[in-house]
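> Under the numbering used here, think of the first position of the sequence shown as 628, with each following residue one higher. Handing you this structure, nothing more for now.
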Amino acid sequence: MCGIVGYLGSRDCTSVLMDGLEKLEYRGYDSAGIAVFEGKEIKTVKTRGKLSAMKEKLEIEGRPIGHCGIGHTRWATHGEPSDVNSHPHSNGRVTIVHNGIIENYAELKEFLTEQGYTFLSQTDSEVVACLLDYYYSERNPGRAITETIKELRGSYALGIIFKDFPERVYAARRGSPLIVGVGEGESFIASDIPAFLKYTKNYVLLEDNEIVRLDAEGAKFYDVHGIPIKKEVQTAEWDIEQAQKCGFPHYMLKEIHEQPDVVQKTLDSLVKDGVPDFSEIGLTDEMLRGVHRVFIVACGTAMHAGIIARYAIEKLARVPVTVEIASEFRYMEPIVGEGDLVIVVSQSGETADTKAGLELAKSLGAKTLAVVNVKYSAIAREADMCINTLAGPEIAVASTKAYSVQIASLYLLAFRFAYARGIILESELKRLTAQLCKTPDAIRRVIAQEDECQFIASQLINTETLFFIGRGFDYALSLEGSLKLKEITYIHSEAYAAGELKHGTISLIEHNVPVITVATQSKVLEKTISNMEEVKARGAFIIALCRRETTFAEGTVDLRLNFDFGGLDDMLVPLPTVCALQLIAYYSSVLRGNDPDKPRNLAKSVTTE
Ligand code: M6R
628 MCGIVGYLGS
638 RDCTSVLMDG
648 LEKLEYRGYD
658 SAGIAVFEGK
668 EIKTVKTRGK
678 LSAMKEKLEI
688 EGRPIGHCGI
698 GHTRWATHGE
708 PSDVNSHPHS
718 NGRVTIVHNG
728 IIENYAELKE
738 FLTEQGYTFL
748 SQTDSEVVAC
758 LLDYYYSERN
768 PGRAITETIK
778 ELRGSYALGI
788 IFKDFPERVY
798 AARRGSPLIV
808 GVGEGESFIA
818 SDIPAFLKYT
828 KNYVLLEDNE
838 IVRLDAEGAK
848 FYDVHGIPIK
858 KEVQTAEWDI
868 EQAQKCGFPH
878 YMLKEIHEQP
888 DVVQKTLDSL
898 VKDGVPDFSE
908 IGLTDEMLRG
918 VHRVFIVACG
928 TAMHAGIIAR
938 YAIEKLARVP
948 VTVEIASEFR
958 YMEPIVGEGD
968 LVIVVSQSGE
978 TADTKAGLEL
988 AKSLGAKTLA
998 VVNVKYSAIA
1008 READMCINTL
1018 AGPEIAVAST
1028 KAYSVQIASL
1038 YLLAFRFAYA
1048 RGIILESELK
1058 RLTAQLCKTP
1068 DAIRRVIAQE
1078 DECQFIASQL
1088 INTETLFFIG
1098 RGFDYALSLE
1108 GSLKLKEITY
1118 IHSEAYAAGE
1128 LKHGTISLIE
1138 HNVPVITVAT
1148 QSKVLEKTIS
1158 NMEEVKARGA
1168 FIIALCRRET
1178 TFAEGTVDLR
1188 LNFDFGGLDD
1198 MLVPLPTVCA
1208 LQLIAYYSSV
1218 LRGNDPDKPR
1228 NLAKSVTTE
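Next up, the structure:
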C-alpha cells in the first residue's frame, strides 16, 4: 500500500509528481505529499486527505518549482493520517518517501534517539530518513543507502533525495514494488507503471535489494553492495488511455464497461484452435493428469473468483478443490505437498498474504500456478507458471474487470483439466470453449441494462442492512455481490447460501429488509424459490436477478432484473451476472454521495499483512 513517485528531467516536477500520484492514488489516499528541489533547497508540501486536499494546499503554499523530486500517497499503517505523519519525511540531509513496513522501526528509533536524533511523526518510515542521515558521510549517498538497507527488516520501496545532490533521485526496494521509467533525457521511479505511462513506456523492474540512481545521464543500477549492475529495459503493453477515465465519471464505471473487451482479449490469448491451451506457460495435460488436489489461495474478490473456479473444476474435472483465504492459509500449517496444484489468484500480484501463501506452497513441494493481472508483479514472477489475465490497469479500489478475467481464465483451466483427465471428450471441450467465447456478448447485454441496475440502487437508498442469497454458482456470485456493495456503499451486507439462511440468519429478516436473490441456476431453481418464499413470509423485500423466463408465485418478488443469457450454460452465467451486481453497487455508492473509486479505509493493493 502507499504509492511513491520520483522524477528527474526537464519538465515541471510538481506536475509530473502530481500526475503520477493521481494514477497511484488507488494504493492509498489518506494523505499525500511531495518534496521538490527549488534550486538547492528542498520544498516539501504535504497534507492529510486525498490528492484534492493536496492540490488545495499547493494553491495556498505555492507550487514548488523545480525538475527533481519525490512524492507519496499514503495508506496509514503506523500513525494516524495527519499532516505530520504524511510523507515525505526529512531528517538532517535526507528526505524520503516510503511504501511498506519497517518491522524493526522501534529498535532503530531507540538507537537513533540515543544518537541524538529526534522524531516528529509516529511513522515507521521516519526512522529510515534518520538512519540514512546517520550513515551519510563524505558526501556519499550510495554508501548511506547500502548501510541503511542492511539494517532494515520488513518491506520497503524508498524514494530518496539528499540535500547535497539537487540533481539526483535514489530508490531502493525489498518486498514492495518499484519500477523505473526510462524516458528521453528524463527518468522516473514509481510504485506502478501508470504513474509515468504518459511520458514513457520503457521501464526497468527493480528487484529486491537493488538500488537505482537517477541523474543527468539517466538511470544507473546497483546491487545491495553498491556494485553497478546491468538491467533490461522493457516496454509496457499498457496504453495511457487504459489508465484514464476516458469520459466516465469514475474508474469503476469505466472498468465495468471494459469487461466485454477484456474478457474477449483474455480468452483470445488462452484459446488456440478452439480449445484452451496452456502449453506456452508450461501447464501440460500430463501435469494436469498428475494433480491429486487443487488449492486456490487468494484474498477478497480474487478469492471469490476462486470459489467460482472451485465449483467449475470440481463439477467438470472431478478433482477436489479447496479455496483458502490467503491470510489463513499461510499460518494454518496446511497439508499441502507434491502432487498438489496451488493456484494463487491476484489482480495486483502484490498482495502480501497471497504472496506468502505462494511461497509456502512452493516450499512444501506443491506446483504453483498464478493467475495474475500485473505481468511484472512479484507473484507473477515467483510462481512456477503464470496465467497473465489481460484486464489492463485496474485503478478503482473495488475490483470488477479483474474478477471477470480471473473467472474467464479459470473456466478455461477447468475445461482443460476435465479434458486432460479424460472426463470430457475433445468435442465437449470445444463446445464449452465456444460457449465461454459467447460471454462477452452476454456481458454487453447485461451492461446495457445499466438503467435498471440504477433503479434497483435507488430502491436501496435508505437501506442499512441487506442480504444476498443464492445456491451453487449463484451463491459463489452472491459473495462477490455482497463484498462489492458493502465496500463502496458502507451498507451492512451478508451473503448466504440460500439453504443456510434458516440455520440462524433468518432471524435477522424483518419487514422491508432487502434480500437480493441470484436465481440463475436451473438445477437448484426450485429450491432457491422456496428460500425466497421463506424470507418473503418474514417481510423481506425481494429483488430477484434471474432469467427472463423464470416465474415466481404472485407476490414473492418485489423487483426483478431479467436476463437474456443467449443460451449460455448455467455454469457460465456468473460472468454476465456479476456486471449487474457491480452496477447495483456502483450506483448505490454514487447515490449515497460516496466516491466509489476510493472507499473509506481501503487501498487497492494490500502489501501488508
Ligand atoms: O490484488 P489482489 O487481487 O490480490 O487483491 C485482493 C483483494 O485485496 C481485492 O480483491 C479486494 O478484495 C478488492 N478491493 C475487492 O473489490
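We put the beta carbon where it would ideally sit given N, CA and C, even for glycine.
Leaving out the 5 sequence neighbours to the left and right, which residues in its chain are closer than 8 Å to His884 when beta-carbon positions are compared?
By 1-based counting over the sequence shown, the position of residue 884 is 257. Only Phe875, Ile1074 meet the Cβ criterion.
> Could you name each continuous beta strand (DSSP E) segment of 3 residues or more that falls completely within the segment 812-878, going from the start of the chain to the end?
814-817, 829-832, 837-842, 845-849, all fully within the segment 812-878.
> Evaluate the contact criterion for the segment 777-792 versus the segment 744-764: three or more CB pairs, one atom per stretch, below 8 Å.
Flag = yes, the segment 777-792 and the segment 744-764 touch.
> What would DSSP say about Ile884, mapped onto helix, strand or coil?
To locate residue 884, count along the sequence shown from 1; it is residue 257. At residue 884 the sequence reads His, which differs from the Ile that was named. Helix at His884.
> Under the criterion of a Cβ to heavy atom distance below 8 Å, does Ser1105 qualify as lining ligand 1?
Sequence index remark: in the sequence shown, residue 1105 carries index 478 (1-based). No, ligand 1 has no heavy atom inside 8 Å of this Cβ.
> Leaving out the 5 sequence neighbours to the left and right, which residues in its chain are closer than 6 Å to Ala618 when beta-carbon positions are compared?
Outside the shown range of the chain, which is 628 to 1236, sits residue 618, and nothing can be said about it.
> Along the chain, where does the beta strand (DSSP E) containing Tyr1123 start, and where does it finish?
In the sequence shown, the residue the question calls residue 1123 occupies position 496. 1119-1124 is the span of the beta strand (DSSP E), which, as asked, contains Tyr1123.
> Which residue from Glu1091, Ile1170, Ala1023 puts its Cα closest to that of Gly1097?
Here residue 1097 refers to the residue found at position 470 when the sequence shown is read from its first residue. The candidate whose alpha carbon is nearest that of Gly1097 is Ile1170.
> Spell out the partners DSSP gives Thr1177 in its beta bridges.
As a first step, residue 1177 must be located in the sequence shown, where it is residue number 550. DSSP, once it has assigned bridges, lists no residue as partnering Thr1177.
> Taking the alpha-carbon of Ile940 as reference, which of Val921, Gln871, Cys1080 has the nearest alpha-carbon?
Walking along the sequence shown from the start, residue 940 turns up at place 313. Nearest option by C-alpha distance: Val921.
> Name the one or two DSSP bridge partners that His725 has.
Taking the sequence shown and counting its residues from 1, the one referred to as residue 725 is at position 98. Per DSSP, Leu785.
> Does the distance from the C-beta atom of Phe1100 to that of Met1198 stay below 9 Å?
Position 473 of the sequence shown holds residue 1100. Position 571 of the sequence shown holds residue 1198. Cβ atoms of Phe1100 and Met1198: closer than 9 Å.
> In angstroms, rounded to a whole number, what distance separates the CA positions of Gly688 and Gly802?
In the sequence shown, the residue the question calls residue 688 occupies position 61. In the sequence shown, the residue the question calls residue 802 occupies position 175. According to the sequence provided, residue 688 is Glu. The question's Gly does not apply to it. The alpha-carbon atoms of Glu688 and Gly802 are separated by roughly 35 Å.
> Give, in chain order, every unbroken run of the beta strand (DSSP E) that is at least 3 residues long and sits entirely within the segment 1042-1118.
You should have 1092-1097.
> Kindly indicate which three-state DSSP category Lys667 falls into: helix, strand or coil?
Indexing the sequence shown from 1 puts residue 667 at position 40. Coil, per DSSP.
> Cα-Cα, which of Val1162, Glu1077, Val663 is closest to Lys881?
Position 254 of the sequence shown, counting from 1, holds the residue named residue 881. That would be Glu1077, whose Cα lies nearest to the Cα of Lys881.
> Would Ala1230 and Tyr656 qualify as a contact pair, given that the criterion is a beta-carbon distance under 9 Å?
If you number the sequence shown from 1, residue 1230 lands on position 603. If you number the sequence shown from 1, residue 656 lands on position 29. Cβ distance < 9 Å, so Ala1230 and Tyr656 count as in contact.
> Secondary structure at Pro961, three-state DSSP: helix, strand or coil?
The residue given as residue 961 occupies position 334 in the sequence shown. Note: Pro961 maps to coil in three-state DSSP.
> For ligand 1, any of its heavy atoms closer than 8 Å to the Cβ of Gln1062?
Along the sequence shown, one-based indexing puts residue 1062 at 435. Not so, every heavy atom of ligand 1 lies at least 8 Å from the Cβ.
> So for Ser1232, helix, strand or coil by DSSP?
Taking the first residue of the sequence shown as position 1, residue 1232 is located at position 605. In the structure shown, Ser1232 sits in coil (DSSP, three-state: anything other than H, G, I, E or B).
> Under three-state DSSP, which class holds His694?
As a working mapping, residue 694 is identified with position 67 in the sequence shown. Coil at His694, not helix or strand.
> Let me know if Gln749 comes out buried or exposed under the rule of 16 or more other beta-carbons within 10 Å of its beta-carbon.
Counting from one through the sequence shown, the residue named residue 749 turns up at place 122. Under this definition Gln749 is an exposed residue.
> How would you write the range of the beta strand (DSSP E) that Leu1186 sits in, first residue to last?
As a working note, residue 1186 is residue 559 in the sequence shown. It spans 1186-1190 - the beta strand (DSSP E) in which Leu1186 sits, taken as one unbroken run.
> At the level of alpha carbons, what is the spacing between Ile962 and Leu991?
Indexing the sequence shown from 1 puts residue 962 at position 335. Indexing the sequence shown from 1 puts residue 991 at position 364. Straight-line Cα distance between these residues: approximately 9 Å.
> If I measure Cβ to Cβ from Val948 and keep anything under 8 Å in the same chain, skipping five residues before and after, which residues do I get?
Taking the first residue of the sequence shown as 1, we reach residue 948 at position 321. Hits under 8 Å: Arg920, Val921, Phe922, Ile923, Ala936, Arg937, Ile940, Glu941.
> Is there contact here, the segment 760-777 with the segment 724-736, by at least three beta-carbon pairs under 8 Å?
Touching, no, given that fewer than three Cβ pairs across the two stretches are closer than 8 Å.
> Between which two residues does the beta strand (DSSP E) harbouring Pro1141 extend?
Counting from one through the sequence shown, the residue named residue 1141 turns up at place 514. Where Pro1141 is concerned, the enclosing beta strand (DSSP E) stretches over 1141-1146.
> Closest to Asp1191 by C-alpha separation, out of Val860, Ile1070, Ile1088, would be which residue?
Translated into positions along the sequence shown, residue 1191 becomes position 564. Comparing Cα-Cα distances from Asp1191 to each of Val860, Ile1070, Ile1088, the minimum goes to Ile1070.
> Between which two residues does the alpha helix (DSSP H) carrying Gly808 extend?
One-based indexing of the sequence shown puts residue 808 at position 181. No alpha helix (DSSP H) contains Gly808, which is instead part of the beta strand (DSSP E) from 806-809.
> Could you compute how far the alpha carbon of Val663 sits from the alpha carbon of Ser637?
As a position in the sequence shown, residue 663 is number 36, starting the count at 1. As a position in the sequence shown, residue 637 is number 10, starting the count at 1. So the two alpha carbons sit approximately 13 Å from each other.
> Using 8 Å for Cβ pairs, my map puts Phe1095 next to Val1145. What's the rounded Cβ distance?
Sequence index remark: in the sequence shown, residue 1095 carries index 468 (1-based). Sequence index remark: in the sequence shown, residue 1145 carries index 518 (1-based). The Cβ separation is near 7 Å, so the contact holds.
> Under 9 Å between the Cβ atoms of Leu1172 and Thr1147?
The count along the sequence shown starts at 1 and reaches residue 1172 at position 545. The count along the sequence shown starts at 1 and reaches residue 1147 at position 520. Yes, the Cβ-Cβ distance between Leu1172 and Thr1147 is below 9 Å.
> Taking only runs of the alpha helix (DSSP H) that begin and end inside the segment 728-791, which ones reach a length of at least 4 residues, in chain order?
Correct list: 732-741, 753-762, 768-778.
> Whose CA, out of Thr1116, Thr1177, Arg1187, lies closest to the CA of Ser1215?
If you number the sequence shown from 1, residue 1215 lands on position 588. For the residues Thr1116, Thr1177, Arg1187, the minimum Cα distance to Ser1215 belongs to Thr1116.
> From Thr775 to Asn767, what distance separates their C-alpha atoms?
The count along the sequence shown starts at 1 and reaches residue 775 at position 148. The count along the sequence shown starts at 1 and reaches residue 767 at position 140. Distance between the alpha carbons of Thr775 and Asn767 is about 13 Å.
> Short of 6 Å in beta carbon distance, which residues of its chain neighbour Ile1279, apart from the five on each side in sequence? Order them along the chain.
Since the first and last residues shown for the chain are 628 and 1236, residue 1279 lies out of range.
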